[in-house]
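**Q** The structure is given below, and queries will be raised subsequently.
2 protein chains.
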Amino acid sequence: MNYNIITPPVIEAITTIVGADAVIVQHDDLEKYSHDETEDLVYYPEVVAKPQTPEEVAALLKLCSKHRIPVTPRGAGTGLSGGALPVKGGLLIAMERFDKVLEIDEQNLQATVEPGVITEEFMNQVAAKGLFYPVDPASKGSCFIGGNVSHGSGGPRVVKYGTIREYVLNLQVVLASGEIIWTGANTLKYASGYNLTQLMIGSEGTLGIVTKIVVKLIPLPTVDALMLASFPSNEIACAAVSAIFRAGIVPSALEFMERRGVEWVMEYDDIAFDLKDGVEAFLLIEVDGNNQDVIFADCEKINAVLENYNCSDVLFADSSAQKEELWRLRRTMAVSIKSNSVYKEEDTVVPRAALPQLIKGIKEVGSKYGFESVCYGHAGDGNLHVNIVKAKMSDSDWTNKLKFGIREIFELTVSLGGTLSGEHGIGLVQKEFMPIKYSDVHFALWKGIKKVFDPNGILNPGKIF
Amino acid sequence: MNYNIITPPVIEAITTIVGADAVIVQHDDLEKYSHDETEDLVYYPEVVAKPQTPEEVAALLKLCSKHRIPVTPRGAGTGLSGGALPVKGGLLIAMERFDKVLEIDEQNLQATVEPGVITEEFMNQVAAKGLFYPVDPASKGSCFIGGNVSHGSGGPRVVKYGTIREYVLNLQVVLASGEIIWTGANTLKYASGYNLTQLMIGSEGTLGIVTKIVVKLIPLPTVDALMLASFPSNEIACAAVSAIFRAGIVPSALEFMERRGVEWVMEYDDIAFDLKDGVEAFLLIEVDGNNQDVIFADCEKINAVLENYNCSDVLFADSSAQKEELWRLRRTMAVSIKSNSVYKEEDTVVPRAALPQLIKGIKEVGSKYGFESVCYGHAGDGNLHVNIVKAKMSDSDWTNKLKFGIREIFELTVSLGGTLSGEHGIGLVQKEFMPIKYSDVHFALWKGIKKVFDPNGILNPGKIF
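Taken in order, these protein sequences are the chains called A and B.
The numbering of the first sequence is our numbering, which starts it at 856 and goes up by one.
The numbering of the second sequence is our numbering, which starts it at 856 and goes up by one.
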């Protein structure tokens, strides 16, 4: 695709659409929009526009289609795969002014929300009405729900409640042509036409720009329990994961953490935690529901399973403060590692019983290439986040050889029946690994679909494939 | 599209692919494949082939692509929208020999199943291992799981457990080109590339032919309770539906039945049921879980809600035989009506709080046009099946005027925020109503996607749009 740069008359047209206070052209002011949370990558857009209505987004896309200007939609910029990086320059559309929860419909247990609403704020608003929106990625305090839609986001509660795919009922989308459509209906299900709602979810801003989101809500569980189980090895901890389900329990969260990850958090944060010798891995296990006795019974069943897996210690959180502290341990892990080391985060997902083999293999690849890895993630889903830390690897090896190690990790993942990216998307940095899992036939279908939605290829170019 | 008829050399090629005993060309033998459960519609295919492997399906599709022969895939033929009718003649591919449950993976709580397996048989096989596959349409005893995928099927348990969309992890699909792909991975989630798995679900055999299905399983609930609540009017019964959820209960089934529907079943079947005067509508409510006390508590909460909605009587099923009887009442309704009347079945879905307005409006349309309607369905999902019975309508009115009445029903459905077809698909008979809900932009996107997957338009032509 050949794109054009943004000329002064086009800047004028953009300004006419969104207003002068919603356009950024100065290099210093563009800096904020030149990176997301992906490694240390930096790509400047030529112009940033901050529309506030679907009609403004539509006018911007019409303009950019006409002038063949690349458009990169951006949520909160918390992505880990470079999806929001304007790699071709052009116009960056910042969705931050789409920040309203438009309706919480208590009759139908649905809500209509704009894409620039912070996920946790939305969760809190619905919780205040006794309702539950369970899709809470680790970045819930800063990410936008629109970004969650674009990446098909998950989080720790997927294991019981499903990903955002199972909550989005309907989407208002602006197409590259500037046309505004609703993808489906505000109903719990429908079977009419190809499901455009599901097609948009996870499409990373390459098929259209989402401007309204209708989600399903469920009654808020009233009780929960949280326990942290300690294990002598990664493999044993991972093996216990599958056993918990086989005992008939569906936990509301089942998170794996390596000892090294906990150490990073303790270095970074002021979390007091008694890290015992001989403990190499942890499972953070939550069960929820509406009946305290059932919760206790579930915990006992889980305990019985853990005993068969050499679990040395189970810590029950007995106050909400302690629960908060344990969750902070898990949620702060990515930022702890990022804060003081050069690293890359890879996202792998396998059938959950393959986790022990996956983690063992990852360590072997690390030994071969000389990198450290810190693994943690949503073990209940078979979803392991692999943080690769530069450690003693030379600059030259980090630049030139690491990619072969990452490739081996994904080859292993695929050989175990899994795929790259459980929930972080492909964006910019994972696309070179896509052929490990997908064939030319997949790419041809994807590119064909892309062309149907965006014939000029203006929407988030350079991503996914 | 222009299609070619099947010539003797092509029949020979088909026979070479699947074997002589798996090809049907005699008119009498084709009869079985000329209709499904949709009204009294009959379309004969020219040839039926019964392949047994993905490779045979691939060879058939290559052949038909080359000769531009229309192909209609067929499951069990239980569809209600004419999706399996070979309206352009050509080759009908009967999937009945894909009848194996290939694996029940108790480590990962997954199963791999061929599309020609009867849904209930699959449910029973996994239940024998303490596992649950909850997608059970009314036709579960005869429909194929492949047809369920093609229609995005639901059933009574959607309200708690979701549709088949939430259980299918991965699909093996033969494309029109004859290429065989897996759409995704056998993992609980993934975020890599446009989600082809979700795009295939509900595409009614127009994008490819599914040859293997990997589904998620969950632990089988160990206890349940079933109650039948009686109401003095349809509107009041429907209003109670939304109130049950607002009380914090998520039932495992919440079915609505009109009195007239129960009368039809009692005429058709030998179900002993004490149908009291003044009762006009019923809700069949099931709760399930793993703890009897919780189930009782849920039932009490539901009872308290029902009392606020003029519920005259609540019958608790106190044995599995009685539960079976109550479920039979609901499941037999469609066939009871079909067995001795001329009828059409329409499938509507709205946000659940709009149900009272929907059913009231349907009756008004009936009065205007002179038809009877018998309504029942998955009220918890806002999904109402409307059986239109000819009754005293003249043949001429039935043929010429009824469609305007159906149009009014769908216009009402859409005006209430709903859409046509909650779970029956569009197929042949609903496609004329699609423009009530969807715009030219939707049709252009759908047709574009279709062309990407099936450039020669051989797959199930004449369906959806």
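Glycine included, every Cβ here is placed at the ideal spot set by N, Cα and C.
Using a Cβ-Cβ distance under 8 angstroms, would A939 (chain A) count as near chain B?
**A** In the first sequence, the residue the question calls residue 939 (chain A) occupies position 84. Not one chain B Cβ lies under 8 angstroms of A939 (chain A).
**Q** For E1201 (chain A), is the classification buried or exposed, using 16 other Cβ atoms within 10 angstroms of its Cβ as the cut-off for buried?
**A** The residue you call residue 1201 (chain A) lines up with position 346 of the first sequence. E1201 (chain A) is buried by the Cβ-count criterion.
**Q** Let me know the secondary structure DSSP gives N1238 (chain B) once reduced to three states.
**A** What you label residue 1238 (chain B) is simply residue 383 of the second sequence in a count that begins at 1. N1238 (chain B) falls in the strand class under three-state DSSP.
**Q** Just to check my reading of the structure: A1040 (chain A) and N1311 (chain A) have Cβ atoms closer than 8 angstroms, yes? What is that Cβ distance to the nearest angstrom?
**A** Within the first sequence, residue 1040 (chain A) is the residue found at index 185, counting from 1. Within the first sequence, residue 1311 (chain A) is the residue found at index 456, counting from 1. Not a contact, Cβ separation roughly 29 angstroms.
**Q** Could you check whether the Cβ of R929 (chain B) sits closer than 8 angstroms to any Cβ belonging to chain A?
**A** Mapped onto the second sequence, residue 929 (chain B) falls at position 74. So no, R929 (chain B) is outside the interface.
**Q** Evaluate V897 (chain B) with the Cβ neighbour count: other Cβ atoms within 10 Å of its Cβ, from every protein chain shown; 16 or more gives buried, anything less gives exposed.
**A** Counted from its first residue, the second sequence places residue 897 (chain B) at position 42. With a threshold of 16 other beta carbon atoms within 10 Å, V897 (chain B) falls short and is exposed.
**Q** Using a Cβ-Cβ distance cut-off of 8 angstroms, determine whether R1101 (chain B) contacts chain A.
**A** Along the second sequence, read from residue 1 onward, the residue named residue 1101 (chain B) stands at position 246. Yes, R1101 (chain B) counts as interfacial toward chain A.
**Q** From G1033 (chain B) to S997 (chain B), what distance separates their C-alpha atoms?
**A** Taking the second sequence and counting its residues from 1, one reaches residue 1033 (chain B) at position 178. Taking the second sequence and counting its residues from 1, one reaches residue 997 (chain B) at position 142. For G1033 (chain B) and S997 (chain B), the distance between alpha carbons rounds to 29 angstroms.
**Q** Less than 8 angstroms between the beta carbons of S1097 (chain A) and E1278 (chain A), yes or no?
**A** Numbered from its first residue, the first sequence carries residue 1097 (chain A) at position 242. Numbered from its first residue, the first sequence carries residue 1278 (chain A) at position 423. Not in contact: S1097 (chain A) and E1278 (chain A) (Cβ atoms no closer than 8 angstroms).
**Q** So R1012 (chain B) is in the beta strand (DSSP E); what residue range does that whole segment cover?
**A** Along the second sequence, one-based indexing puts residue 1012 (chain B) at 157. That residue, R1012 (chain B), is in no beta strand (DSSP E); it is neither H nor E in DSSP.
**Q** Going along chain B, which residues have a C-beta under 8 angstroms from K1292 (chain A)?
**A** Walking along the first sequence from the start, residue 1292 (chain A) turns up at place 437. Going along chain B in sequence order, the residues near K1292 (chain A) (Cβ under 8 angstroms) are A1040 and S1047.
**Q** So, at 6 angstroms on beta carbons, what are the nonlocal neighbours of K1015 (chain A) in its own chain, with the 5 sequence-adjacent residues on each side left out?
**A** In the first sequence, counting from the first residue as 1, residue 1015 (chain A) sits at position 160. Answer for K1015 (chain A): V1105 and S1107, listed in chain order.
**Q** I'd like the span of the beta strand (DSSP E) that includes K1071 (chain A), first residue to last.
**A** Counting from one through the first sequence, the residue named residue 1071 (chain A) turns up at place 216. Counted as a single uninterrupted DSSP element, the beta strand (DSSP E) harbouring K1071 (chain A) occupies residues I1064 to K1071.
**Q** Shorter than 8 angstroms from the beta carbon of A1205 (chain A) to some beta carbon of chain B?
**A** The residue labelled residue 1205 (chain A) in the question sits at position 350 within the first sequence. Inspection of the sequence shows that residue 1205 (chain A) is occupied by Val rather than by Ala. Yes - at least one Cβ of chain B is within 8 angstroms of the one on V1205 (chain A).
**Q** Any residues in the stretch 1014-1028 of chain B with a beta carbon nearer than 7 angstroms to a beta carbon of chain A? Which ones, in chain order?
**A** G1017, T1018 and E1021
**Q** Give the secondary structure of K1127 (chain A) by DSSP, where H, G and I count as helix, E and B as strand, and everything else as coil.
**A** Along the first sequence, read from residue 1 onward, the residue named residue 1127 (chain A) stands at position 272. According to the sequence as given, residue 1127 (chain A) is Ala; it is not Lys. Coil, per DSSP.
**Q** Do the stretch 1284-1296 of chain A and the stretch 1211-1226 of chain A make contact, defined as three or more Cβ pairs closer than 8 angstroms?
**A** No, because fewer than three Cβ pairs between the stretch 1284-1296 of chain A and the stretch 1211-1226 of chain A fall closer than 8 angstroms, the two stretches do not touch.
**Q** Return the bridge partner residues of I1140 (chain B) from the DSSP annotation.
**A** Along the second sequence, read from residue 1 onward, the residue named residue 1140 (chain B) stands at position 285. Answer by DSSP bridge pairing, in chain order: B:M1082 and B:L1109.
**Q** Apply the 10 Å Cβ neighbour rule to K955 (chain B) and answer buried if 16 or more other Cβ atoms are within range, or exposed otherwise.
**A** Sequence index remark: in the second sequence, residue 955 (chain B) carries index 100 (1-based). That one is exposed.
**Q** Output, in sequence order along the chain, the residues in the stretch 1295-1307 of chain A whose CB is closer than 7 angstroms to any CB in chain B.
**A** V1296, H1297, L1300, W1301, G1303, I1304 and V1307
**Q** Would you give the residue range spanned by the alpha helix (DSSP H) that K1305 (chain B) belongs to?
**A** By one-based count along the second sequence, residue 1305 (chain B) stands at place 450. Taken as a continuous stretch (DSSP letters only), the alpha helix (DSSP H) holding K1305 (chain B) covers D1295 to F1308.
**Q** Any beta-carbon of chain B closer than 8 angstroms to the one on P900 (chain A)?
**A** On the first sequence, position 45 is the one that residue 900 (chain A) refers to. No - not a single Cβ of chain B is within 8 angstroms of the one on P900 (chain A).
**Q** Beta strand (DSSP E) containing V1229 (chain A): first to last residue?
**A** Indexing the first sequence from 1 puts residue 1229 (chain A) at position 374. Unbroken beta strand (DSSP E) run through V1229 (chain A): E1227 to H1233.
**Q** Within a Cβ cutoff of 7 angstroms, which residues of the same chain sit near C919 (chain A), ignoring the five residues on either side of it in sequence?
**A** In the first sequence, the residue the question calls residue 919 (chain A) occupies position 64. Only V926, L946 and I1313 meet the Cβ criterion.
**Q** Identify whether E1059 (chain A) lies in helix, strand or coil by the three-state DSSP scheme.
**A** Reading the first sequence from its first residue, position 204 is the one you call residue 1059 (chain A). In the structure shown, E1059 (chain A) sits in coil (DSSP, three-state: anything other than H, G, I, E or B).
**Q** So, with DSSP's three-state summary, where would you put D954 (chain A)?
**A** Position 99 of the first sequence, counted from the start, is the residue given in the question as residue 954 (chain A). D954 (chain A): coil per DSSP, three-state reduction.
**Q** With a threshold of 6 angstroms on Cβ separation, who are the neighbours of N1242 (chain B) within its own chain once the five nearest residues in sequence on each side are excluded?
**A** Residue mapping note: residue 1242 (chain B) aligns to position 387 of the second sequence, counting from 1. Same-chain partners within the cutoff: I1192, Y1198, E1200 and V1229.
**Q** Taking 8 angstroms as the CB-CB limit, is D884 (chain A) close to chain B?
**A** Position 29 of the first sequence, counted from the first residue, corresponds to residue 884 (chain A). Answer no: the Cβ-Cβ gap between D884 (chain A) and chain B never drops below 8 angstroms.
**Q** Does V981 (chain A) have its Cβ less than 8 angstroms from a Cβ in chain B?
**A** What you label residue 981 (chain A) is simply residue 126 of the first sequence in a count that begins at 1. So no, V981 (chain A) is outside the interface.
**Q** Taking E969 (chain B) as the reference, give the member of B:N1163, B:A949 and B:I872 with the closest Cα.
**A** Within the second sequence, the letter at position 114 stands for residue 969 (chain B). When each option's Cα is compared against that of E969 (chain B), the closest is B:A949.
**Q** Using the three-state DSSP reduction, which class does F999 (chain A) fall into: helix, strand or coil?
**A** Taking the first sequence and counting its residues from 1, the one referred to as residue 999 (chain A) is at position 144. Here F999 (chain A) carries a strand assignment [DSSP, helix/strand/coil].
**Q** Considering K1215 (chain B), what are the terminal residues of the alpha helix (DSSP H) in which it resides?
**A** Here residue 1215 (chain B) refers to the residue found at position 360 of the second sequence. K1215 (chain B) -> alpha helix (DSSP H) spans L1210 to Y1224.
**Q** DSSP beta-bridge partners for Q1027 (chain B)?
**A** If you number the second sequence from 1, residue 1027 (chain B) lands on position 172. BP columns for Q1027 (chain B) point to B:W1037 and B:K1067.
**Q** Please state whether DSSP places T893 (chain B) in a helix, a strand or coil.
**A** Locating residue 893 (chain B) in the second sequence gives position 38, counting from the first residue. T893 (chain B): coil per DSSP, three-state reduction.
**Q** Using the beta-carbon count (16 or more within 10 Å), is L1130 (chain A) buried or exposed?
**A** Translated into positions along the first sequence, residue 1130 (chain A) becomes position 275. Its Cβ having fewer than 16 others within 10 Å, L1130 (chain A) is exposed.
**Q** Check whether chain B comes within 8 angstroms of P1106 (chain A), counting only Cβ atoms and requiring the distance to be less than that.
**A** Taking the first sequence and counting its residues from 1, the one referred to as residue 1106 (chain A) is at position 251. With 8 angstroms as the cut-off, P1106 (chain A) does not count as an interface residue toward chain B.
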